Amino acid sequence: MTGTPAALLVDYGGVLTERMDLTQSRFCQAAGIEPGSLLRVLDEWVARPGPDSPVPAMERGEITVAAFERLLAARLTGIDGVPVRPDGLLQAMFADGRLDEQTLDLVAELRRAGVRTAMVSNAWGSDYPFDRLHACFDAFVLSHEVGSRKPEPDIYLRSAQLLDVAPQDCVFVDDRAANVHGAQLVGMVGLHFTDPAAGRARLRELFDHSPHR
Numbered sequence: 000m001t002g003t004p005a006a007l008l009v010d011y012g013g014v015l016t017e018r019m020d021l022t023q024s025r026f027c028q029a030a031g032i033e034p035g036s037l038l039r040v041l042d043e044w045v046a047r048p049g050p051d052s053p054v055p056a057m058e059r060g061e062i063t064v065a066a067f068e069r070l071l072a073a074r075l076t077g078i079d080g081v082p083v084r085p086d087g088l089l090q091a092m093f094a095d096g097r098l099d100e101q102t103l104d105l106v107a108e109l110r111r112a113g114v115r116t117a118m119v120s121n122a123w124g125s126d127y128p129f130d131r132l133h134a135c136f137d138a139f140v141l142s143h144e145v146g147s148r149k150p151e152p153d154i155y156l157r158s159a160q161l162l163d164v165a166p167q168d169c170v171f172v173d174d175r176a177a178n179v180h181g182a183q184l185v186g187m188v189g190l191h192f193t194d195p196a197a198g199r200a201r202l203r204e205l206f207d208h209s210p211h212r
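Here it is, written out as structure tokens:
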């Protein structure tokens, strides 16, 4: 990339929302689930996925959310031994996810300044607050709709194509290092978003966009 990038691709959970571990902790408390059981399954299925992880298939839309919920519920431990009900499990898991309004406002600000924007998400269901997000994005790329997931190359390339820009002119932002690396492999500038204030400052640098300009 030379000069100011033309497009911004942004993950949803953990970038446009608070850290996912905070959301998951409140979910476990509200649903009566032993937190350690959720941490164990997320480590096995997401952080260090083996060949038996159902997450890639669910994210690509190859199995239904309902089927995934049944698999997940079977692996979770209810407090006091109460079985975990699968119906609506993913919706409940993310229902209390709190938007990061400052990051959303920055994305909307960059879009108004002419930057092309897309939200790129490995979808666990499709219950997104689109009423708030439509002001921020030109396109939404959801893994189950396109049949590809981060960090697979196709989802990044499709996103750039939707925005009518070259991958080399895109900045990709995600809270997972593996997803950032996948974007870098197709030529995008990657930003590993772990600290919201620092991440927003870096985005302003990359797009040469100061609130005082």
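Under numbering that gives the first Met the number 0, read the sequence shown as residues 0 to 212, first letter to last.
Where is the CB? At the ideal position from N, CA and C, for every residue including glycine.
Everything numeric in this text was worked out from a predicted model, so none of it was measured.
- Collapsing the DSSP output to three states places G198 in a helix.
- Taking the Cα positions, D168 is about 19 Å away from L105.
- If you draw a straight line from the Cα of A107 to the Cα of A73, it comes to about 40 Å.
- Apart from sequence neighbours up to five positions away, the residues of its chain that approach G13 with a beta-carbon distance below 6 Å are M19 and D174, ordered along the chain.
- Under the three-state reduction of DSSP output, D130 falls in the helix class.
- Minimum Cα-Cα distance from T116 among the listed residues W123, F171 and G181 corresponds to F171.
- Scanning its chain for C-beta atoms nearer than 7 Å, with the 5 sequence neighbours on each side dropped, one finds around V145 the residues I154 and R157, in chain order.
- Annotation: G181 is outside any beta strand (DSSP E); the continuous alpha helix (DSSP H) that includes it extends over A176 to L184.
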